[in-house]
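This report refers to the structure that appears directly beneath it.
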Amino acid sequence: MKKGERDRASDIDECKGPGGACDGHGCINLVGSYRCECKTGYTFNSISRVCEDINECRHYPGRLCAHKCDNILGSYKCSCMPGFKLSSDGRNCDDVNECESSPCSQECANVYGSYQCYCRRGYQLSDTDGNTCEDIDECALPTGGHICSYRCHNTGGNIDECVTGTHTCSVTETCFNVQGGFRCLSFDCPSNYRRAGETRCERLPCSQTSECLALPLRITPYYLTFPTNIPVPTNVFRMGPSNTVPGDDIQLAIVSGNEDGFFSTQRLSSGGLIVVQKPITEPRDFLLTVELTLQRYGTLSTYLAKMHIFVTHDQASLPSQLAPL
């Protein structure tokens, strides 16, 4: 018998038996040895000769998950910070629009990862829950006796037609209450976009054409209302990515709807603010298109916010209801 034949005859097949030498992974028997073909998510350790789990979260920090990355055997799992929910792709995090559940007694503004309640003029936000608007009894204030030249009656304010059902919006429209009235809103996505839930439009997959890739990844409508004559400057909206990574370059700009210069932007390390910079003395509606650009890992992404802003009468400027003494 030749030497090569003797070696093959005496070789032990380590791949035989339950699980084999590779513990459930692919096993290839070699003369005098073996080699493991590891499953996806594992790598072969040539010293210990076993398949070891790859910690994808450590190997690719910030590239796999938008928020949190947790390593699991053979793979990884993404999760989101409070105020966000995991997207259908299992990697990105979508902002939860808390305003859909009507947490505020009056006005609600959805912001990334949270929400903010606002009160109309004549009301103040409760210190107890931060959601309820309480009527300010101006007549009980120290200056109450000087508000009216007659007897002072606190009137308690605005009727919410959206709650009472007295609005005239169609079934395809959403009623949005403002001081002294309401607005009927519709939400449609442009071509090349699909509707994702009730809160945004997402760009359809691109065929790597420069024209398509230049389109914003996401278009999101937002609705805000506040009275005339609010102090300036006042920050009314914050916009930024759901998470930030060292090295991010974030720019914010108002690209349309601000021809009269009432609004400006203020840069933050994690995004930017929309600021009222000029007094708005008359009721009017604005539609601002706000563009956020994010440069990350050499890739430029664009996001658009369509901000519907309804400026209503300052309640203090409305005619008072007087009763003679």
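The opening position of the sequence shown corresponds to residue 1 in full-length UniProt numbering, with each subsequent residue numbered one higher. Beta carbons: idealized from backbone N, C-alpha and C, even for Gly.
In the three-state reduction of the DSSP assignment, Thr220 falls in the strand class. In the DSSP assignment, Thr164 falls within the unbroken alpha helix (DSSP H) covering 161–164.
By a beta-carbon distance limit of 8 Å, His25 does not contact Cys15. Their separation comes to about 10 Å. Straight through space, the alpha carbons of Arg195 and Leu185 are spaced by roughly 16 Å. Within 10 angstroms of the beta-carbon of Asn45 lie fewer than 16 other beta-carbons, which makes it exposed. Non-local C-beta neighbours of Gly90 in its own chain, meaning closer than 7 Å and more than five positions away in sequence, comprise Cys78, ordered along the chain. DSSP places Glu56 in the uninterrupted alpha helix (DSSP H) bounded by 56–59. Distances from the alpha-carbon of Phe226 to those of Leu217, Val236, Ile250, Ile219 put Val236 closest. Beta-bridge partners of Glu134 (DSSP): Gln124. In this structure, the straight-line span from the alpha carbon of Val232 to that of Gln277 is close to 5 Å. Rounded to whole angstroms, Pro190 and Thr128 show a C-alpha spacing of 42 Å. By alpha-carbon distance to Ile12, the top candidate from Ser33, Ile28, Cys22, Cys27 is Ser33. For Ser210, the uninterrupted alpha helix (DSSP H) run begins and ends at 210–213, by DSSP.
If you look at Thr228, you'll find it isn't in any beta strand (DSSP E); DSSP assigns it neither H nor E. Here Ser114 carries a strand assignment [DSSP, helix/strand/coil]. The DSSP-derived three-state label of Ser170 is coil.
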